[in-house]
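Shown next, in structure tokens, is the structure this report addresses.
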Amino acid sequence: MAGGKVKLVIFGAYNAGKSTFIQSLDPNARHVEAHTTNGDTTVALDYGRAHVHALDVHLFGTPGQERFEFVRQIISRGMDAAVLMVDCSAELDEFTLHLYETFILQKIPVAVMLNKCDLPGACPATARAAFRNAQIFEICAHEPARTMPALTAFVETLAPDL
Ligand SMILES: Nc1nc2c(ncn2[C@@H]2O[C@H](COP(=O)(O)OP(=O)(O)OP(=O)(O)O)[C@@H](O)[C@H]2O)c(=O)[nH]1
Ligand SMILES: [Mg+2]
Numbered sequence: 000m001a002g003g004k005v006k007l008v009i010f011g012a013y014n015a016g017k018s019t020f021i022q023s024l025d026p027n028a029r030h031v032e033a034h035t036t037n038g039d040t041t042v043a044l045d046y047g048r049a050h051v052h053a054l055d056v057h058l059f060g061t062p063g064q065e066r067f068e069f070v071r072q073i074i075s076r077g078m079d080a081a082v083l084m085v086d087c088s089a090e091l092d093e094f095t096l097h098l099y100e101t102f103i104l105q106k107i108p109v110a111v112m113l114n115k116c117d118l119p120g121a122c123p124a125t126a127r128a129a130f131r132n133a134q135i136f137e138i139c140a141h142e143p144a145r146t147m148p149a150l151t152a153f154v155e156t157l158a159p160d161l
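Note that the sequence shown ends on residue 161 in numbering that gives the first Met the number 0; no numbers are left out.
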């Protein structure tokens, strides 16, 4: 968090909504993606910026596909905190739970974003139970009115003297 800057890295399973989250916080965000028959998927990274009070928050999105572990490792270097994006309209997967355990073990501050709360099958209550003791926010990644307050509340916990 040196020099009024925060490096936040967004993790989560394939299709959880990581890129959408960054795009809603910064309409000028950039990303490297591949077009597939199932839609677009991140193959390198997303990058956006947001301001929380006087802090310059740098948002780095990771690819969700498991084969891109090496990319996640590179992007993670020097991060101040992590955001774990969870699609709460789908069943919780092992990869997401593994990511969460890693952050806890490594003592990396983490916020869990329960995403896609607008979908009829969404069940944030079930997902909450799996992330006891975490900071949890229920969001729709498309909606800045949900994502910006969640980001602000999380960043305020990282720098309480803001
Ligand atoms: N209904 C709904 N759809 C969402 C929401 N957030 C994301 N989506 C959709 O979910 C799909 C995947 O979103 P992305 O932001 O590309 O997901 P990602 O986590 O970056 O995916 P990868 O980079 O492939 O891991 C897209 O079709 C989004 O429009 C949400 O809150 N509600
Ligand atoms: Mg993506």
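Here a beta-carbon is modelled for each residue, glycine too, at the ideal position from N, C-alpha and C.
Shown here, M147 sits in a helix according to DSSP, grouped into three states. Taking every protein chain shown into account, the CB of D55 has fewer than 16 other CB atoms within 10 angstroms, so this residue is exposed.
With the criterion CB distance below 5 Å from any heavy atom of ligand 2, the matching residues run K17, S18, T41 along the chain. In this structure, the CA atom of L83 is about 7 Å from the CA atom of Y99. In this chain, the beta strand (DSSP E) harbouring H50 covers 38 to 51. About 18 Å separates the beta carbons of L58 and L113, which is beyond the 8 Å limit, so they are not a contact pair. With a 10 Å radius around the Cβ and a threshold of 16 neighbouring Cβ atoms, A53 comes out exposed. Taking 7 Å as the cut-off, one finds at least one heavy atom of ligand 1 near enough to the beta carbon of G60. Per DSSP, the unbroken beta strand (DSSP E) holding I135 starts and ends at 134 to 137. Straight across, the Cα-Cα distance linking V70 with T61 is about 7 Å. At least one heavy atom of ligand 1 lies less than 7 Å from the C-beta of H141. CA-to-CA, the gap between D79 and I107 works out to about 7 Å.
In its chain, beyond the 5 residues on either side, C87, S88, K115 have a beta carbon closer than 7 Å to the beta carbon of A121.
T41 is not a Cβ neighbour of H50, given a cutoff of 8 Å.
In this structure T156 is exposed. Its beta-carbon is surrounded by fewer than 16 other beta-carbon atoms within 10 angstroms. For Q64, the shortest C-beta to heavy atom distance toward ligand 1 is below 7 Å.
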